[in-house]
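Okay, structure first, notes after.
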Amino acid sequence: MKEEDKNLQSPFRRRFLQGSSALAVGSALPLSLVSANSSAQSAGQPRTLTMLAWYGHAEPDIVAEFEAKYNVKVKPKYYTGGDNMLALISQSPAGTYDLILSDAEYVPQLRKAGYLERLEAKDYAFDDYFPEFQKFPGHWDGNDLYAVMVRFGFLGVAYNTDAVPESKARSFKVYWDPAYKGKVGHFDWYLPNMGEMSLYAGHKAPYKLEADQFSKLKTVMKSLRPQVAGFFDYGGTFSGLKNGQLQLVCGIGDWITGTLARSGAKVSSVVPDEGGLQWTESLSIGKGTRNRDLANAFIQYITSAQGQVKSAKMAAYPALIPNRKGWELLGQSDPAEARRQGMVLQGHNVMDDIRSGKIVFRQLPVQQSIEDWNDFWSEYKEKA
Numbered sequence: 003m004k005e006e007d008k009n010l011q012s013p014f015r016r017r018f019l020q021g022s023s024a025l026a027v028g029s030a031l032p033l034s035l036v037s038a039n040s041s042a043q044s045a046g047q048p049r050t051l052t053m054l055a056w057y058g059h060a061e062p063d064i065v066a067e068f069e070a071k072y073n074v075k076v077k078p079k080y081y082t083g084g085d086n087m088l089a090l091i092s093q094s095p096a097g098t099y100d101l102i103l104s105d106a107e108y109v110p111q112l113r114k115a116g117y118l119e120r121l122e123a124k125d126y127a128f129d130d131y132f133p134e135f136q137k138f139p140g141h142w143d144g145n146d147l148y149a150v151m152v153r154f155g156f157l158g159v160a161y162n163t164d165a166v167p168e169s170k171a172r173s174f175k176v177y178w179d180p181a182y183k184g185k186v187g188h189f190d191w192y193l194p195n196m197g198e199m200s201l202y203a204g205h206k207a208p209y210k211l212e213a214d215q216f217s218k219l220k221t222v223m224k225s226l227r228p229q230v231a232g233f234f235d236y237g238g239t240f241s242g243l244k245n246g247q248l249q250l251v252c253g254i255g256d257w258i259t260g261t262l263a264r265s266g267a268k269v270s271s272v273v274p275d276e277g278g279l280q281w282t283e284s285l286s287i288g289k290g291t292r293n294r295d296l297a298n299a300f301i302q303y304i305t306s307a308q309g310q311v312k313s314a315k316m317a318a319y320p321a322l323i324p325n326r327k328g329w330e331l332l333g334q335s336d337p338a339e340a341r342r343q344g345m346v347l348q349g350h351n352v353m354d355d356i357r358s359g360k361i362v363f364r365q366l367p368v369q370q371s372i373e374d375w376n377d378f379w380s381e382y383k384e385k386a
């Protein structure tokens, strides 16, 4: 049984697939940027391009140039967390979302359930990508492409730089330091938190755990629970770090601390010695879209060097980008940000961390079901 098939055996996955079988697959428009350009040239009413995404991906700093070029309005539906995304898609008719921005680990589930259009690899500038990202795991089914990687980032230890020395933050064990009891928070999503704790427990493949390893992970996490102040959504994590309520947060990285640092907050993130996780965001075209031309044009736009610079500097939250030419352009247009994020072509950079094995791609549980992990997360949250 394939790993992705095993994950689809859970009750939630079965409901997800049953929902997909009821969807009527609409006929997509032929792939043609000519029609998209024709829209831009007309003085008529703007077309609407719907997008399901994490917050920020359809805000003006990202889409305004695209909207003006193609006479289109990008209409977002924002979500937080992959399970929320799956629920929204499974409850929506085919064609509801022209574009689906998902965390990479969910792409196989979306493909398996029949929610994604097959893409043409030749339409995208994969030759400009770093080799590690040209055929990213889970985005392909054999030679068929279903998602294009847009951006990524690392998850490690997020900390208040006034309260926590960087030397301490370079190990997950800092979460257990008595000095920070009641000042440790969790971003409220099981996948990044349990993945980080699995790395700390010594599991090199943090999501592929035998029964005894899963038991060890539970024991490790239960020992941390007395240190924890609470579990926070994006807004709560953001404000907790900003006002000093939280001095350490598990399950996040520069996508939050980098945003806070822009306004002068004394926070930072570091990949600890035990290793870190990589989150990855990718774009797909939703099954049944009637705006395939525009959806394809948007993916081309945001994965171009210019679009990648916009994505790296997104106002909602910054990220690393897979396009090498995007790195070059960022280094020319904003060298300080390129250095801050480690996207420099001379000297040590974030690709070195990936190539050294320090970074592990975040994924869904392999040996256990998603429900197994979610059930423990709920139990962990309830017990003080």
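Residue numbers for the sequence shown follow the numbering used here, so the first one is 3 and each next one is one higher.
Where is the CB? At the ideal position from N, CA and C, for every residue including glycine.
All figures in this text were calculated on a predicted structure; none of them were measured in a lab.
A contact between stretches requires three or more CB pairs, one per stretch, nearer than 8 Å, and the region 209–228 fails this requirement with the region 301–315. A straight line joining the alpha-carbon of Val65 with that of Gly328 spans about 17 Å.
Between the beta-carbon of Asp63 and that of Met316 there is about 7 Å, and that keeps the pair under the 8 Å contact cut.
Below 8 Å, too few C-beta pairs join the region 332–343 and the region 167–182 to call them touching: fewer than three. Across the structure, Lys383 and Gln111 are spaced so that their CA atoms are roughly 27 Å apart. Val362 has Leu279 as its beta-bridge partners, per DSSP.
A straight line joining the alpha-carbon of Tyr236 with that of Thr82 spans about 8 Å. Pairing Leu332 with Ala60, the inter-Cα distance amounts to about 21 Å. The three-state secondary structure of Ile323, taken from DSSP, is coil. Bridge partners of Met87 according to DSSP: none are assigned.
For Glu119 and Pro228, the gap between their C-alpha atoms comes out near 46 Å. Minimum Cα-Cα distance from Val273 among the listed residues Lys79, Pro320, Gly359 and Asn73 corresponds to Gly359. Runs of the alpha helix (DSSP H) lying entirely within the region 175–205 and spanning at least 4 residues, in chain order: 192–202.
In its chain, beyond the 5 residues on either side, Met196, Met199, Ser200, Ala203, His205 and Leu211 have a beta carbon closer than 8 Å to the beta carbon of Leu219.
For Lys114, the enclosing alpha helix (DSSP H) begins and ends at Val109 to Lys114.
Taking a cut-off of 8 Å for Cβ pairs, the region 244–256 and the region 178–195 touch, as three or more such pairs fall below it. Checking the DSSP bridge columns, you'll see Ala55 partnered with Tyr80. Checking the DSSP bridge columns, you'll see Lys75 partnered with Thr50. Exposed is the label assigned to Arg357, since fewer than 16 other Cβ atoms lie within 10 Å of its Cβ. In the three-state scheme derived from DSSP, where H, G and I count as helix and E and B as strand, Met353 is classed as helix. The beta-carbon separation of Ala55 and Leu88, rounded to 14 Å, does not stay under the 8 Å limit for a contact. In this structure, DSSP gives Gly266 a state outside helix and strand, which the three-state scheme calls coil.
The C-alpha of Glu122 is placed about 14 Å away from the C-alpha of Asp129. The three-state secondary structure of Met151, taken from DSSP, is strand. The DSSP-derived three-state label of Ser225 is helix. Under the three-pair Cβ rule at 8 Å, the region 288–297 counts as touching the region 89–98. The Cβ neighbour count for Ser241, taken over all protein chains shown within 10 Å, is under 16; the residue is labelled exposed. A distance of 8 Å or more separates the beta carbons of Lys244 and Ala263.
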